[in-house]
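Enquirer: There's a structure below that I have some questions on.
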Amino acid sequence: RIYPLMRVTLTTSDGASVTVSRQLTKHSGFIEKAITDMAVDDNAVPLSAVAVDVDDATLKLVIEWLTEHRDDALPYPEKTDEERRADDIPAWDQAFVQKWDTKEDQQQTLYAVITAADKLDIKGLLDMTCKTLANKINGKTVEEMREILQLECDFTEEELAEIRKENAWCEN
Amino acid sequence: MEILSLPDVFLRDLMKRVTLVDRLRLRLVCRAFESLVASTHAGHFEKGSIEQWTIGASTGLRGSAYGGSPVRVQIHDLDVKLANDQLNDFRGFRNRLFSGISVGRFRILVEQESTVDFVRHFLVNCKIDVLDFSVVSDIVLESALQILAALPNCPYTMSIHPLIDAERLQYLPPMEVLHFSRGLVKIVPGLFFKLLTKHKHIYASQKMVNLTSQEWTNVLKIISEDQRKRTVQLIENREKIRSLMIDFGIYPAASANDICGDFIVIHPLNDEGEITLRHGNCWLRIIGFDWTVNSTLQSTFVITNNRNGAFKKSMEDGLRR
Chain Y
1 RIYPLMRVTL TTSDGASVTV SRQLTKHSGF IEKAITDMAV DDNAVPLSAV AVDVDDATLK
61 LVIEWLTEHR DDALPYPEKT DEERRADDIP AWDQAFVQKW DTKEDQQQTL YAVITAADKL
121 DIKGLLDMTC KTLANKINGK TVEEMREILQ LECDFTEEEL AEIRKENAWC EN
Chain H
1 MEILSLPDVF LRDLMKRVTL VDRLRLRLVC RAFESLVAST HAGHFEKGSI EQWTIGASTG
61 LRGSAYGGSP VRVQIHDLDV KLANDQLNDF RGFRNRLFSG ISVGRFRILV EQESTVDFVR
121 HFLVNCKIDV LDFSVVSDIV LESALQILAA LPNCPYTMSI HPLIDAERLQ YLPPMEVLHF
181 SRGLVKIVPG LFFKLLTKHK HIYASQKMVN LTSQEWTNVL KIISEDQRKR TVQLIENREK
241 IRSLMIDFGI YPAASANDIC GDFIVIHPLN DEGEITLRHG NCWLRIIGFD WTVNSTLQST
301 FVITNNRNGA FKKSMEDGLR R
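Heads up: the sequence lines are chains Y and H, in that order.
Per full-length UniProt numbering: the first sequence = residues 1 to 172.
Per full-length UniProt numbering: the second sequence = residues 1 to 321.
This is the structure in C-alpha cells:
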C-alpha cells in the first residue's frame, strides 16, 4: 500500500534535489525498484534519497506529467499486437507537448523526456512520446522527415536512385 | 542528442507505429534509417492479401480490373502489383522493408506454383491471426493446401466457390470457418459429416447436401456434444424442413416452452418466419420458414451450441458472404 502523503527525495544528474509524493513515483519502475532495494520501512518519513540519471529541467517536466497522471491505473497495460494507434493521445498530453513547440530546442526536449521516461521506466510517458513522434512523421515527405528528425542525407545520388527504384513498386 | 541515440525499445516501438508507406520514405532519410527500417518489426495491421487475378479470366469471378501484372500484394497502405518475373526481387525488397509483421486476417488467392513459393517466403516471420483462402478452382485448392502445409498451426478459413472437385475437400486440415458460396456442386452426406466433424464452423449460401431426418438429428447431436463453440448454417427446402419438423414432433401451434419430442420451443414461429428450438446443448434457428405445403422456397437452418454469439454472428457474417 502506498500512502499519498509519503514522499521521496530524488537527486538529479546535475545535483538538484526534488521531493515528490510516492503517489507519483509509483508510476516509475526504476524509482519503485530503488526504494524496494533500499529495504527501508515503507512507513519511514522521509525515505532515503534516490539518485536519478536525469537533469533537473527534464525531471520537472516528467514530474509535471506524473502529477497529471497520478491516478492512472497500474500496472500499465501490456502492449498487444493490435496496439499501433498513435491518434489517441489525451488532450492534456497533447497540450503538454505542444508547449515545447515554442522552444528552439523543442525536439531536444522531446528526446530528453523520452530518454528520461526510459531510464525511469515510466511506460505511459514513453508510450505517449512515441505516439507524438510517430504523429510528427506520419504522412510526411522524405525532406520533411529529415527536418523533423534532424538528420542529414548521407546517401549518394546513385544509392538514392536505387532505393527510389525499389520503392516505385509500391507507389504505382 | 539525436534520434538514433534514443533507447532501442523506443525506436522499435516507433517503427511499429508508422505506416508501410512511411517506412518506404524513411528508407530514403539516411543510411541509419534505411537500416532501422530493415531491422524492425512493422507492427500489426488488420488486413492483408496476396491475390493472383489471372484466375478471374478462367472463372469469371474476378474482372480484369488490373492491367499487366498478375500478383497483387496489399497490406494497409502498401499496394504492390508485380509481374511474375518481379516476384524474386520483391522477396528481397520485403526483407528491406521490415523484419516481421503481424496481420489480423490475411487473404490468399493464388494458383501458380511460383506464386505459392512467393507466398511461403513472404509469410516468413509474419504472424497471421487467420489465413483466409478464396478457392475458385481445383488448382487454387492445391495451392492453398501447399501453403497450409508450410503453416501448419495457422488458423484459417476457406471460401469454396463453384467448380471445385468436392471430394478433395476431405483432405483439408481442420479450419475455423468453411464457407460454401453459391453454385457449389452438391456433396454427399458422407463427405458432409467428414467436414462437419473436422471443421469448426460451416456456412452454406445454398443447398449443398441432402440429409435424412436421422442425419439431421446426427448433426444436432454432433454440435450439441462438442466442447468447442460451433455453428453450422445450411440451406434447405421449406418442404423438406416442414417434413423434418413433423418428424421432430414440432407442430404448427407449438408455443414457447412447449416440449415437442426431444425439442423445446424457445421462440415459436413468428410473422417473419423465424422459429428457435433447443435440442440438448444446441439451438436451432430456422429463418424463412412457414408451414405451407408444396412451397418451393428455401429456408436457412442455423445450428449452434453458442446461442448468444452465434445466431447474431451467423446472420451477419455467414449470410453476408
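Virtual Cβ for every residue (Gly too), placed ideally from N, Cα, C.
So is H:Ile3 in contact with chain Y if we call contact Cβ pairs under 8 Å?
Expert: Output row for H:Ile3: interface = yes.
Enquirer: Between the beta-carbon of H:Pro174 and the beta-carbon of H:Lys194, is there less than 8 Å?
Expert: No, they are not a contact pair.
Enquirer: Output, in chain order, the set of chain Y residues within a Cβ distance shorter than 8 Å of H:Leu78.
Expert: Cys170, listed in chain order.
Enquirer: Between H:Arg91 and H:Ile101, what straight-line distance do the alpha-carbon atoms span, to the nearest angstrom?
Expert: Going by the C-alpha atoms only, they are around 14 Å apart.
Enquirer: Take H:Lys186 as the anchor and find which of H:Ala204, H:Glu176, H:Val177 has the nearest alpha-carbon.
Expert: Taking only the C-alpha atoms, the option nearest H:Lys186 is H:Ala204.
Enquirer: The stretch 104-116 of chain Y: which residues have C-beta closer than 9 Å to a C-beta of chain H, in chain order?
Expert: Going along the stretch 104-116 of chain Y in chain order, one finds Gln107, Gln108, Tyr111, Ala112, Ile114, Thr115 with a Cβ nearer than 9 Å to chain H.
Enquirer: Output, in sequence order along the chain, the residues in the stretch 132-144 of chain Y whose CB is closer than 8 Å to any CB in chain H.
Expert: Under the 8 Å Cβ criterion, the stretch 132-144 of chain Y contributes Leu133, Ala134, Ile137, Asn138, Gly139, Lys140, Thr141, Val142.
Enquirer: Using a Cβ cut-off of 8 Å (strictly closer), state whether H:Cys30 contacts chain Y.
Expert: Answer yes: the Cβ-Cβ gap between H:Cys30 and chain Y drops below 8 Å somewhere.
Enquirer: May I have the straight-line CA-CA distance separating H:Leu269 from H:Ile286, to the nearest angstrom?
Expert: H:Leu269 and H:Ile286: Cα-Cα distance of roughly 9 Å.
Enquirer: Which class does Y:Ile122 belong to by DSSP, given the choice of helix, strand or coil?
Expert: Coil.
Enquirer: Mapping the DSSP letters down to three states, classify H:Gln12 as helix, strand or coil.
Expert: Looking at the sequence provided, one finds Arg at residue 12 of chain H rather than Gln. It is helical.
Enquirer: Okay, do the stretch 31-41 of chain H and the stretch 68-78 of chain H touch, 3+ Cβ pairs below 8 Å being the bar?
Expert: Taking 8 Å as the limit for Cβ pairs, the verdict is that the stretch 68-78 of chain H does not touch the stretch 31-41 of chain H.
Enquirer: Can you tell which of H:Ser49, H:Tyr156, H:Phe180, H:Cys154 has its C-alpha closest to the C-alpha of H:Asp165?
Expert: That would be H:Phe180, whose Cα lies nearest to the Cα of H:Asp165.
Enquirer: Identify every residue that forms a DSSP beta bridge with H:Cys260.
Expert: Partner(s): H:Phe263.
Enquirer: Who are the near neighbours of H:Tyr156 in its chain, counting only those whose CB is closer than 6 Å to its CB and skipping five residues on each side?
Expert: Answer for H:Tyr156: Leu131, Met175, listed in chain order.
Enquirer: At least one CB of chain H closer than 8 Å to the CB of Y:Arg146: is that the case?
Expert: Taking Cβ atoms only, chain H reaches closer than 8 Å to Y:Arg146, which makes this a yes.
Enquirer: State the Cα-Cα distance for the pair H:Leu236 and H:Arg307, rounded to the nearest angstrom.
Expert: Looking at the sequence provided, one finds Glu at residue 236 of chain H rather than Leu. About 21 Å.
Enquirer: Just by C-beta distance, which residues in the stretch 128-144 of chain H are closer than 9 Å to chain Y?
Expert: Against chain Y - using a Cβ distance shorter than 9 Å - the residues of the stretch 128-144 of chain H are Asp129.
Enquirer: What residue from H:Glu239, H:Gln112, H:Thr212, H:Val177 has the CA that sits closest to H:Pro189's CA?
Expert: Cα-wise, what sits closest to H:Pro189 is H:Thr212.
Enquirer: Could you name the residues of the same chain whose beta carbon sits closer than 6 Å to that of H:Ser49, not counting the 5 residues immediately before and after it, in chain order?
Expert: Counting only Cβ-Cβ distances below 6 Å, and skipping sequence neighbours, we find Gln74, Arg107.
Enquirer: Looking only at its chain, what residues have a beta carbon closer than 6 Å to the beta carbon of Y:Ser17, apart from the 5 residues adjacent to it on each side?
Expert: Excluding residues within five positions, the ones whose Cβ falls inside 6 Å are Thr9, Thr11.
Enquirer: Just the C-alpha distance for Y:Glu171 and Y:Val20, rounded to the nearest angstrom, thanks.
Expert: Distance between the alpha carbons of Y:Glu171 and Y:Val20: 52 Å.
Enquirer: Let me check understanding here. Comparing Cα to Cα, which of Y:Asp14, Y:Gln23, Y:Ile31, Y:Asp37 lies closest to Y:Asp56?
Expert: The option with the nearest alpha carbon to Y:Asp56 is Y:Asp14.
Enquirer: In the DSSP assignment, find the unbroken alpha helix (DSSP H) run with H:Ser143 in it and report its ends.
Expert: Segment 138-150, the alpha helix (DSSP H) holding H:Ser143.
Enquirer: In chain order, what are the residue ranges of uninterrupted alpha helix (DSSP H) at least 4 long that sit wholly in the UniProt domain "SKP1 component dimerisation" (123-170) of chain Y?
Expert: Listed in chain order, the complete alpha helix (DSSP H) runs (minimum 4 residues) inside the UniProt domain "SKP1 component dimerisation" (123-170) of chain Y are 123-137, 142-149, 157-167.
Enquirer: Taking the beta carbon of H:Glu111 as the centre, do at least 16 other beta carbons fall within 10 Å, making it buried, or is it exposed?
Expert: H:Glu111 comes out buried.
Enquirer: From H:Glu167, H:Ser114, H:Glu34, H:Asp129, pick the residue whose C-alpha is nearest to that of H:Asp138; which is it?
Expert: The shortest Cα separation from H:Asp138 among H:Glu167, H:Ser114, H:Glu34, H:Asp129 belongs to H:Glu167.
Enquirer: If we cut at 8 Å on Cβ distances, does H:Leu284 have a partner in chain C?
Expert: Looking for chain C here will not work: the only protein chains present are Y and H.
Enquirer: Taking the straight line between their C-alpha atoms, what separation do you get for H:Phe93 and H:Thr276?
Expert: Computed Cα separation, rounded: 54 Å.
Enquirer: Determine the closest residue to Y:Ile148 out of Y:Thr25, Y:Pro77, Y:Leu133, with distance taken between C-alpha atoms.
Expert: Among Y:Thr25, Y:Pro77, Y:Leu133, the Cα nearest to that of Y:Ile148 is on Y:Leu133.
Enquirer: Give the C-beta separation of H:Arg230 and H:Asp290 to the nearest angstrom, bearing in mind that I take them to be a contact with Cβ-Cβ under 8 Å.
Expert: Their Cβ separation, rounded to whole angstroms, is 28 Å, which puts H:Arg230 and H:Asp290 out of contact at 8 Å.
Enquirer: Is the beta carbon of H:Ile147 closer than 8 Å to that of H:Val119?
Expert: It is a contact, given that the beta carbons lie within the stated cut-off.
Enquirer: Tell whether a beta-carbon distance below 8 Å holds between Y:Ile163 and H:Leu28.
Expert: Cβ distance < 8 Å, so Y:Ile163 and H:Leu28 count as in contact.
Enquirer: By Cβ distance, which residues of its chain are closer than 8 Å to Y:Asp72, with the 5 residues on each side in sequence left out?
Expert: The residues are His27, Gly124.
Enquirer: By Cβ distance below 8 Å, which residues in the same chain neighbour H:Arg23 in space, the five residues on each side in sequence not counted?
Expert: These residues qualify, in order along the chain: Met15, Val37, Ala42, Leu97, Phe98.
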